[in-house]
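Below is one structure, written out as structure tokens, with a few remarks after it.
In the UniProt record's numbering, the protein residues as written are 1 to 212.
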């Protein structure tokens with residue numbers, strides 16, 4: 001018989017937030033390629049921050065969600081103090097995703113919200129069509145715990161979105177990005193370019209990932 005697989009360790013790894021790098025401060029190209037977007041859009045695609053923060057994102061139980069939200073908030077605080085808005089906002093997005101994903105598992109047994117995933121719809125040639133949401137389930141095992149885990153993240157998310165320094169940095173980032181985009185359009189009209197590898201940056205808009 002093949003050896004049994006070891007159970008996945010759900011414990012959130014420890015983090016010394018002060019050691020987290022701030023790559024967006026060292027590269028304006030990287031910084032300007034970031035988009036705040038809506039909700040947590042882009043959280044699982046924007047590197048290198050996705051790989052830096054993803055290991056600390058967990059929501060299986062209330063204690064795990066509590067430690068994860070605290071760890072990610074420590075990362076958020078580190079990035080705010082360092083003046084790295086991209087890092088702070090990515091930390092905020094992971095916290096928000098903890099809130100929405102835990103809520104999804106509370107509302108839908110097994111966490112499956114739609115009949116078909118976007119990948120399945122693309123495979124079937126139905127890309128771009130509206131997805132059919134499955135009925136919400138009630139009374140399934142773990143529902144109450146996932147609801148409470150969602151609330152843990154929600155409280156932390158509110159602390160992030162009301163942080164005065166973070167909001168100040170957000171305004172500064174948007175102003176910088178607006179000027180960058182304006183300059184990029186100007187250079188493009190003149191036959192030049194601006195962005196990564198001398199090319200104009202194209203940003204793929206992702207689909208919305210709603211709560212539950």
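By construction, the Cβ of each residue, glycine as well, lies at the ideal position given by its N, Cα and C atoms.
Which of helix, strand or coil DSSP assigns to residue i
i, result
"residue 171", "helix"
"residue 57", "coil"
"residue 73", "helix"
"residue 22", "coil"
"residue 176", "helix"
"residue 63", "helix"
"residue 83", "coil"
"residue 162", "coil"
"residue 11", "coil"
"residue 34", "coil"
Burial state of residue i (16 or more Cβ within 10 Å)
i, result
"residue 186", "exposed"
"residue 84", "buried"
"residue 89", "buried"
"residue 161", "exposed"
"residue 178", "exposed"
"residue 171", "exposed"
Residue i versus residue j - alpha carbon distance
i, j, result
"residue 80", "residue 104", "29 Å"
"residue 182", "residue 32", "12 Å"
"residue 175", "residue 169", "10 Å"
"residue 158", "residue 72", "13 Å"
"residue 102", "residue 45", "20 Å"
"residue 25", "residue 86", "9 Å"
"residue 98", "residue 64", "11 Å"
"residue 57", "residue 39", "16 Å"
"residue 116", "residue 191", "Model confidence at residue 116 stands at a pLDDT of 49, short of 50, so the residue's coordinates are unreliable; what they give is reported in the following sentence. Spanning the two alpha carbons is a distance of roughly 44 Å."
"residue 106", "residue 96", "15 Å"
"residue 151", "residue 100", "10 Å"
"residue 21", "residue 138", "43 Å"
Candidates the options: closest to residue i by CA position
i, options, result
"residue 148", "62, 180 and 172", "62"
"residue 156", "21, 51, 52 and 92", "92"
"residue 55", "146, 17, 82 and 180", "17"
"residue 166", "78, 41 and 145", "78"
Cβ-Cβ separation, residue j to residue i (assumed contact under 8 Å), whole Å
i, j, result
"residue 153", "residue 59", "7 Å"
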